[in-house]
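K.L.:
To start, I am sharing the structure in question, which I have written as structure tokens.
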Amino acid sequence: MDQPKYNLRKDEKKGIVVYERYSTNHATCIECQKIIEPDSLMTLAEGKGLLCLECADLDHLEYLPAGDTALTRRARKHSTLSAVVLRWKKARQRFERQGVLVEKLALEKAEKECLSDEAIREKRRERDAIRRQRLDVEYIDKFAKKIRELFPHCPEGEEIQIAEHACLKNSGRIGRSAEAKEFSDAAITLATIAHIRHTMTEYDSLLANGFARADARAEIRNELDEIMDKWRKGSFVMAEK
Numbered sequence: 432m433d434q435p436k437y438n439l440r441k442d443e444k445k446g447i448v449v450y451e452r453y454s455t456n457h458a459t460c461i462e463c464q465k466i467i468e469p470d471s472l473m474t475l476a477e478g479k480g481l482l483c484l485e486c487a488d489l490d491h492l493e494y495l496p497a498g499d500t501a502l503t504r505r506a507r508k509h510s511t512l513s514a515v516v517l518r519w520k521k522a523r524q525r526f527e528r529q530g531v532l533v534e535k536l537a538l539e540k541a542e543k544e545c546l547s548d549e550a551i552r553e554k555r556r557e558r559d560a561i562r563r564q565r566l567d568v569e570y571i572d573k574f575a576k577k578i579r580e581l582f583p584h585c586p587e588g589e590e591i592q593i594a595e596h597a598c599l600k601n602s603g604r605i606g607r608s609a610e611a612k613e614f615s616d617a618a619i620t621l622a623t624i625a626h627i628r629h630t631m632t633e634y635d636s637l638l639a640n641g642f643a644r645a646d647a648r649a650e651i652r653n654e655l656d657e658i659m660d661k662w663r664k665g666s667f668v669m670a671e672k
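Per the working numbering, residue 432 is the first one in the sequence shown, and the count goes up by one each step.
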């Protein structure tokens, strides 16, 4: 059976590359050991193996399927960090572009610029409806309350944003782990750290400019710790990831 030859690619035309997993063979993320199911998205650690999007720090991005060139162009223009999604096509023996991953706010801004197109508005309504169906409102509310308990001085409403992202059904994110469902301090803290990294520091910009994850995390570590300390009001948190 012909198998795709995955390559770790980052260039000016394609940027960061993410793959829809083609093979049905057993595979796990080299960092968290979570099973990477067929058709799920993944990326590569050069010379090491497969990474799930959460471990690759790309799970906060929104998937925008191919098909609307103007929307895709605008979304990528507004997104600090983005990735091209490819899938192996056996019949053609090549990878073909399926869409892109972009930041949520960038996608929303691009959609506003395209609002004259009724089809775009309909796509947004459909996507929002699907997202609402996947959100477990009661669980998210409990998760958010736990965030507020641990970080009583985080900005108002921030805990809801963190909980909604971390707890999206079928996402494989930290909020859906067994540990998170017990509302452990560790799981809540990891979800909060990820949110601060992506929304309140230059972390995504560093990744977009070619920094390795470890180097990018080291670069913003002090800023992250300061924000965590402020949200806890006196309890210093060392960001170990």
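Even for Gly, the Cβ is constructed at its ideal location relative to N, Cα and C.
Taking the C-alpha atoms as reference points, what is the distance between Ile658 and Ala649?
P.N.:
If I take the Cα positions, the gap works out to 15 Å.
K.L.:
Can you round the beta-carbon distance between Val449 and Leu472 to whole angstroms, since I take them to be within the 8 Å contact cut?
P.N.:
That belief holds up - the Cβ atoms of Val449 and Leu472 are roughly 5 Å apart, short of 8 Å.
K.L.:
When the distance is taken between beta carbons, is Asp488 closer than 8 Å to Arg644?
P.N.:
Contact flag set, yes.
K.L.:
Closest to Cys463 by C-alpha separation, out of Gly480, Arg452, Ser454, Glu451, would be which residue?
P.N.:
Answer by Cα proximity: Gly480.
K.L.:
Which residues in the same chain have their Cβ closer than 8 Å to the Cβ of Ile619, if we skip the five residues on either side of it in sequence?
P.N.:
So the list reads Phe574, Lys577, Ile578, Leu581, Ala611, once near-sequence residues are dropped.
K.L.:
Could you tell me which residues DSSP pairs with Leu495 in its beta bridges?
P.N.:
Val531, per the DSSP bridge assignment.
K.L.:
If you compare alpha carbons, which of Leu482, His509, Glu527 is closest to Lys543?
P.N.:
Residue His509 is the option with its Cα nearest to Lys543.
K.L.:
Please work out which residues of its chain come closer than 7 Å, Cβ to Cβ, to Ile461, disregarding the five sequence neighbours upstream and downstream, and give them in chain order.
P.N.:
These residues qualify, in order along the chain: Ala476, Lys479, Gly480, Leu481, Leu482.
K.L.:
Rounded to whole angstroms, what is the Cα-Cα separation between Lys553 and Asn653?
P.N.:
Strictly speaking, residue 553 in this sequence is Glu, with Lys absent from that position. Roughly 43 Å between the two C-alpha positions.
K.L.:
Start and end of the beta strand (DSSP E) containing Ile466?
P.N.:
No beta strand (DSSP E) contains Ile466, which DSSP labels as neither H nor E.
K.L.:
Please state whether DSSP places Phe526 in a helix, a strand or coil.
P.N.:
Residue state, collapsed to three classes: strand.
K.L.:
By DSSP's criteria, Gly480 is part of a beta bridge. Which residues make up the other side?
P.N.:
BP columns for Gly480 point to Ala476.
K.L.:
Out of Leu484, Trp662, Glu485, Ala497, state which residue places its alpha-carbon closest to the alpha-carbon of Glu587.
P.N.:
Among Leu484, Trp662, Glu485, Ala497, the Cα nearest to that of Glu587 belongs to Trp662.
K.L.:
Can you check whether the CB of Glu527 is closer than 8 Å to the CB of Lys520?
P.N.:
Yes, the Cβ-Cβ distance between Lys520 and Glu527 is below 8 Å.
K.L.:
In or out: His629 buried (at least 16 other Cβ within 10 Å) or exposed?
P.N.:
Looking at its Cβ environment, which holds 16 or more other Cβ atoms inside 10 Å, His629 is buried.
K.L.:
To which residues of the same chain is Thr623 closer than 7 Å at the C-beta, ignoring the five residues directly before and after it?
P.N.:
For Thr623, where only same-chain residues beyond five positions count, the Cβ hits under 7 Å are Ile578, Phe582, Ile593.
K.L.:
Please state whether DSSP places Tyr453 in a helix, a strand or coil.
P.N.:
Coil, per DSSP.
K.L.:
Is it the case that the Cβ atoms of Ala560 and Ala537 are separated by a distance below 8 Å?
P.N.:
Cβ distance not < 8 Å, so Ala560 and Ala537 don't count as in contact.
K.L.:
Using a Cβ-Cβ cut-off of 7 Å (strictly less than) and excluding sequence neighbours within five positions of Ala514, which residues of its own chain qualify?
P.N.:
If we look at Ala514 and ignore the five residues flanking it on each side, its Cβ neighbours are Gly446, Ile447, Val448, Val449, Leu489, Leu492, Val531, Leu532.
K.L.:
Quick one: residues in its chain with C-beta nearer than 7 Å to the C-beta of Leu546, no 5 flanking neighbours on either side, listed in chain order?
P.N.:
Arg552.
K.L.:
Name the one or two DSSP bridge partners that Leu517 has.
P.N.:
Answer by DSSP bridge pairing, in chain order: Tyr450, Arg528.
K.L.:
I need the DSSP call for Thr511, collapsed to helix, strand or coil.
P.N.:
Correct three-state label for Thr511: coil.
K.L.:
Please check the pair Leu599 and Ile627, which I expect to be a contact at CB under 8 Å, by giving their CB distance rounded to whole angstroms.
P.N.:
So it is not a contact: roughly 18 Å between Cβ atoms.
K.L.:
Could you give the distance in angstroms between the alpha-carbon of Leu512 and the alpha-carbon of His584?
P.N.:
When rounded, the distance between both Cα atoms is 28 Å.
K.L.:
Spatial neighbours of Thr474 within its chain, please: C-beta separation below 6 Å, excluding the five flanking residues on both sides.
P.N.:
Cβ neighbours of Thr474 beyond the five flanking positions: Val449, Leu482, Ala487.
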